[in-house]
Amino acid sequence: MVNSESVLPFTAAALSVTLAFAGLLWKRNNLASWCFALGMLGLAADALISGSAMAGNDFSRIEQIRDLGLEVKAALTTIWLCFSVVYSRGDSRDSLRRWAPLLVLTLLIPLTAALIFPHSLIYARTLPDSDEIWLQFG
């Protein structure tokens, strides 16, 4: 069920996908364009996950969606760092090669934390006086 709070993330997802395709179709197709498109598609996925969580009111479903959202955010860090490393550089391949160890670490460390501690990073809680569900960092 779509409610007023979930419209904005779904709109953001649609616009992110549009920007991803526009970035690929723009003047030239290089590594920076692909990193930008992947980053925008990742932001679209994150927005869809957030919108789905806001649209739902089932406690267990929100916790499952929350775990998926953490994994997507973990990958987004690496994608945007990769874009930053290759954008506006004449030696983008060499830059990428030099930064490769750090890029691997920025992917593995948060993703490992999200997978090893799936239920202890963020908790879904219900407020005592209402039926509202809040997310709390643990």
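The numbering used here applies: residue 206 is where the sequence shown begins, and numbers increase by one. We treat Cβ as the ideally placed atom computed from N, Cα and C, and that holds for glycine.
{"Check": "Keeping to the same chain, check which residues put their C-beta closer than 8 Å to that of P214; ignore five residues upstream and five downstream.", "Outcome": "A252, L253, S255, G256, M259"}
{"Check": "The alpha helix (DSSP H) that contains L332, what's its start and end?", "Outcome": "Unbroken run through L332: none, as it is neither H nor E."}
{"Check": "Starting from the C-beta of A237, find all residues in its chain whose C-beta is less than 7 Å away, skip the five residues before and the five after it, and write them out in chain order.", "Outcome": "F288, V291, Y292, S297"}
{"Check": "Can you tell me whether S293 is helix, strand or coil according to DSSP?", "Outcome": "coil"}
{"Check": "Let me know if R271 comes out buried or exposed under the rule of 16 or more other beta-carbons within 10 Å of its beta-carbon.", "Outcome": "buried"}
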